[in-house]
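In our numbering, the protein residues as written are 1 to 266.
We put the CB at the ideal spot given by N, CA and C, even for glycine.
All remarks here apply to the structure that follows.
This is the structure in structure tokens:
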């Protein structure tokens, strides 16, 4: 639990649980997926490979009200196939979560994926049977109970959106994939927790070439945004505390390394 400036513990109003934090491929663990909850609504931010199993293990499946996909790269959305399967639907019971997709690219990608898996085009697709579709863009704002979600485009090769979530008292921001950008910095202004990728340690040229961020750049962005705490994620095999040290060169707040099952309460 975070504390107020006068040292009095603040009431927990928003919880983030890391389901998966591996970047690129699930070699050593599940890929990007984060559950946020205000105690009433539970929203998944991304749904990379391994999400379904981790959510089931933590007892979260029956609680999922909505899923927000930041972009349509496989390591951020491929477990939608598992969720839309017979086992996934049975585990979710009568719930038909709302699936928020990047406008245009999201539905097109899922339609093509369903056609490839089924061998032909069909309507409705497996995804449309399992979820209620909604599309979003950078200009949109989504209300889920007390939670309000807003978005900003990131610097990534495909349309990708960072997400800010607030219940009116505390706020967190998830940068998804992308290099440093003014839009993500503005979205993250003053948040209690900022979740940023640290795909690369300090290889800025390689990060820029692939639309990603280094740990040092994550620290710099967190400092400019005035975030209270930084969680480094989208990690490659071998990632360790050296990433924290690199982020701390520019940022004097709390820095943590993501791991499966990690929970942060705001």
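Nearest-angstrom beta carbon gap, residue j and residue i [assumed within contact, 8 Å]
| i | j | result |
| --- | --- | --- |
| residue 79 | residue 52 | 5 Å |
| residue 196 | residue 264 | Actually they are not in contact, since the Cβ atoms of residue 196 and residue 264 sit about 14 Å apart, beyond 8 Å. |
| residue 211 | residue 155 | 6 Å |
| residue 232 | residue 258 | 6 Å |
| residue 206 | residue 243 | Actually they do not touch by this definition, with Cβ atoms about 15 Å apart. |
| residue 135 | residue 107 | 7 Å |
Span separating the alpha-carbon of residue i from that of residue j
| i | j | result |
| --- | --- | --- |
| residue 33 | residue 249 | 27 Å |
| residue 159 | residue 105 | 8 Å |
| residue 217 | residue 172 | 18 Å |
| residue 1 | residue 234 | Caution applies to residue 1, whose pLDDT of 38 falls short of 50 and renders its modelled position unreliable; the value that the coordinates give is listed next. Distance between the alpha carbons of residue 1 and residue 234 is about 24 Å. |
| residue 45 | residue 238 | 24 Å |
| residue 5 | residue 253 | Residue placement at residue 5 is flagged as unreliable, the pLDDT there being 41, under the threshold of 50; a coordinate-derived value is accordingly withheld. |
| residue 240 | residue 27 | 16 Å |
| residue 168 | residue 266 | 12 Å |
| residue 129 | residue 203 | 43 Å |
| residue 208 | residue 199 | 11 Å |
| residue 58 | residue 42 | 13 Å |
| residue 24 | residue 141 | 28 Å |
| residue 225 | residue 191 | 8 Å |
| residue 115 | residue 90 | 23 Å |
| residue 262 | residue 251 | 22 Å |
Residue closest to residue i, alpha-carbon to alpha-carbon, out of the options
| i | options | result |
| --- | --- | --- |
| residue 152 | 165, 266 and 245 | 165 |
| residue 267 | 212, 75, 185 and 143 | This structure does not reach residue 267, given that the chain is present from 1 up to 266, and the question cannot be answered. |
| residue 68 | 36, 226 and 186 | 36 |
| residue 38 | 162, 90, 15 and 57 | 15 |
| residue 161 | 127, 101 and 213 | 101 |
| residue 50 | 22, 40 and 70 | 22 |
| residue 132 | 123, 125, 157 and 96 | 96 |
| residue 267 | 245, 140, 175 and 82 | Nothing about residue 267 can be reported from this structure: the residues present for the chain run from 1 to 266 only. |
| residue 110 | 58, 186 and 82 | 82 |
| residue 77 | 90, 89 and 99 | 99 |
| residue 30 | 54, 123 and 148 | 54 |
| residue 213 | 246, 187, 189 and 228 | 246 |
| residue 60 | 112, 17, 189 and 94 | 17 |
| residue 62 | 256, 229, 40 and 150 | 40 |
Minimum Cβ-Cβ distance from residue i to chain E less than 7 Å
| i | result |
| --- | --- |
| residue 228 | In the structure shown, chain E does not exist; there is a single protein chain. |
Can you list, in chain order, the stretches of the beta strand (DSSP E) that have 3 or more residues and sit fully within the segment 8-81? 15-20, 33-37, 42-45 and 64-68
Residue ranges of each alpha helix (DSSP H) within the segment 209-238, 4 or longer: Here the runs fully enclosed are 215-225.
For the segment 173-181 against the segment 208-224, do three or more pairs of beta-carbon atoms, one drawn from each stretch, fall closer than 8 Å, so that the two count as touching? yes
Could you give the uninterrupted runs of the alpha helix (DSSP H) lying entirely in the segment 150-206, keeping only those of 4 residues or more? 182-187
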